[in-house]
Each structure stands twice: as C-alpha cells, then as structure tokens.
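Residue numbers (my numbering): 59 to 258.
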C-alpha cells in the first residue's frame, strides 16, 4: 500500500514538474517580481530624476541624498559640489539601473545579468538604509527570529531569493531571452547547413 502511494506520489509530481518547469517557474518568478517590486522601484527611480521627457535625463539632488548620503554630507549637502568621478557616475548608474534592470527582468531580456544587477542593487540599498538612513533594529530585522515582517532582512531576503532563481534558472520559455536563443540557434543551424552544402 505504502509503495503504491509512493509510486502515485512520484508519478503525479514528476508529471507536474515535466509539464511546468520549462516555462512556468521563470514566468511566475518574473510575474511576482513585477507585482511586488516593479511599481515600487519605478516610483523610487522617479524621485531621482526631473519631470517630463527631458527631465528624465537630469539627475536630481534627491538621488545623491538617497544613494550617497555620507558623500553629500561631506560637501555640506550641496550635490553640485560632489565630484564627477566617481560619485556622479555612481549616482547615474544607480538611478538608471532602477529603471532599466526591472524592465529587463519583466520582459525576460538579458534576465540573468539583470537579476544579478538587481541583487547588487538590493545589497547596496540595504547597506545605505542601515548605515546612513537610520534603519532601527525592528526595521532591519534578523534571520531566525520569531518575526517575519522586517522591511530589510525578511522582505529583501525573499526578493534576493527570487532574483537568485532567475540568475540560475533563467526566465523560462516565455521570454525574449528564449525567443532570441531560438532565433539564434535557427540562424546558426541554417548557416551550418549552408556551409555543409557548399563543402559537399
């Protein structure tokens, strides 16, 4: 009886895994990322640039206060005095990555690199929140405690896990990466066939 139940159990879940693993998990991971983080990150990024189409290309002082608070403090909170290299470059990279990386993940384009970049972004964001924005112990939280609602350790551990999945397994079949891979493979195969025909 137990052996029969184990057989049915294995059969059911092997079939489920076989049916879903190539497309569902990557799509679900990107959907959850979009539902939980896309609007949050987009609105956060908007606070760092000017208004309107042309304003998008103007980094506001607020970006410096959010990304490099200790550096701006060193220059008496005057962002215009912050040196171009490396600080302006860091702020520009941080600002525009907050627009670009989430969009790439949702579209499933260069997903692994974008997810890796987002892991770095979350790590820096968390460090800045703790070191410079005064996140207290309750906001920071801790692993293996009895609370599951801290804004930094608990929430962002789950964010990073989601991103790690995308780095390792990719976005799945329903993605621009997959479409690009199939088109590239098809073009490569056609080129290989043509070369063989010419050689023959």
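Just so you know, even glycine gets a beta-carbon here, dropped at the ideal spot from N, CA and C. None of the values given here were measured: they were computed from a predicted structure.
In the DSSP assignment, residue 212 falls within the alpha helix (DSSP H) that extends over 211-227. A residue is called buried when at least 16 other Cβ atoms come within 10 angstroms of its Cβ; residue 233 meets this threshold and is buried. Residue 86 and residue 113 have their C-alpha atoms some 34 Å from each other.
By the neighbour-count criterion, in which 16 or more other beta carbons inside 10 Å mark a residue as buried, residue 240 falls on the exposed side. Excluding the 5 residues flanking it on each side, residue 96 has same chain C-beta neighbours closer than 7 Å at 160 and 164, in chain order. The Cβ atoms of residue 215 and residue 156 do not sit closer than 8 Å to each other. Sequence-distant Cβ neighbours of residue 120 in its own chain, meaning closer than 7 Å and more than five residues away, are 105 and 106.
When only Cα atoms are considered, residue 211 and residue 204 end up about 13 Å apart.
For the pair residue 186 and residue 213, the Cα-to-Cα distance works out to about 16 Å.
Secondary structure of residue 140 (DSSP, three-state): coil. If you check the CB distance, residue 150 and residue 117 come in under 8 Å. Between residue 83 and residue 230 the beta-carbon gap is near 6 Å, inside 8 Å, which marks them as a contact. Nearest Cα to residue 172 within the set 192, 223 and 189: 223.
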